[in-house]
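I have placed the structure first, in the form of structure tokens, so that the comments after it can refer back to it.
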Ligand code: CA
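Residue numbers (this note's numbering): 66 to 290.
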């Protein structure tokens with residue numbers, strides 16, 4: 066993988082790039098946040114290893130810049146030990162994984178390999194769009210009007226099924242089958258609960274509701290007329 070390390074501690078950055086290179090990756094290091102962001106946007110690497118505490122531009126702003134530009138790179142954030150809030154905040158801000166400092170190089174390499182296995186750079190088919198709602202299959206990320214919306218894995222799957230065919234009406238039975246993989250004994254109540262949860266997260270606070278109920282039939286997602 067092509068990996069960009071954004072870390073201001075020069076010694077750690079050097080240690081990281083050397084270890085990554087030894088494992089067959091092409092790694093470069095940048096010690097400043099603003100430079101890191103421009104490098105990432107100019108030529109998005111497969112993975113960005115991002116320290117949150119940086120000079121120039123902090124890791125949070127960098128993460129935000131990547132999101133706003135829909136940078137396809139995966140991001141592994143480095144947080145200080147015990148900062149559980151930062152881990153949650155980071156994952157909600159679009160990071161794919163995190164590692165708490167101090168960490169062992171073996172652990173880092175394992176995380177990097179796991180992120181690499183998630184697949185190559187996303188294609189257009191991985192980026193679904195209905196009005197101002199965006200779903201990035203590859204990064205499992207959803208945003209509406211530019212704001213990231215955290216979804217549970219199941220909520221994400223329900224939304225993905227709907228967004229893959231905007232305007233098509235899915236019955237509760239079909240959603241149950243597609244998402245929960247039930248071939249019989251359809252749990253339509255669960256589907257209703259998930260639709261309610263998705264509406265709360267995606268539609269409340271917006272003028273135009275995107276998830277629509279077709280009475281007696283099921284649900285669809287589409288741009289309202
Ligand atoms: Ca730092």
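Ideal placement from N, C-alpha and C gives every residue a C-beta, glycine not left out.
These numbers come from a predicted model, not from an experiment.
Within the region 193-280, the complete beta strand (DSSP E) segments of 3 residues or longer fall at 198-201, 206-209 and 276-279, listed in chain order. The beta carbon of residue 236 lies closer than 7 Å to those of 282 and 283 in the same chain, with the five residues before and after it left out.
Per DSSP, the beta bridge partners of residue 113 are 69 and 140. The alpha carbon of residue 97 has as its nearest neighbour, out of 214, 70, 191 and 253, the alpha carbon of 70. Judged by their CB atoms, residue 285 and residue 202 are not nearer to each other than the 9 Å cut-off. Looking at 227, 103 and 178, the one whose alpha-carbon comes closest to that of residue 199 is 227. In the structure shown, residue 135 adopts coil according to DSSP, grouped into three states.
Excluding five sequence positions before and after residue 128, the CB atoms of its chain that fall closer than 8 Å to its own CB belong to 115, 140, 142, 155, 158, 159 and 160, given in chain order. Residue side-chain check: residue 116 places its Cβ nearer than 8 Å to a non-hydrogen atom of ligand 1.
Between the alpha carbons of residue 120 and residue 144 lies a gap of roughly 15 Å. Counting only the Cα atoms, residue 266 lies some 13 Å from residue 273.
Shortest gap from the CB of residue 91 to any heavy atom of ligand 1: 8 Å or more.
From the listed residues 176, 280, 72 and 224, the smallest Cα separation to residue 264 is found for 224. When the beta-carbon positions are compared, residue 113 and residue 130 stay at least 9 Å from each other. Distance from the C-beta of residue 119 to the nearest heavy atom of ligand 1 is below 8 Å. Shortest gap from the CB of residue 73 to any heavy atom of ligand 1: under 8 Å.
The shortest CA-to-CA distance from residue 78 to any of 93, 67 and 89 is the one to 93. Between the beta-carbon of residue 138 and that of residue 111 there is about 7 Å, and that keeps the pair under the 8 Å contact cut. The beta carbon of residue 152 is closer than 7 Å to those of 144 and 163 in its chain, skipping five residues each way along the sequence.
Taking the CA atoms as reference points, residue 109 sits about 37 Å from residue 242.
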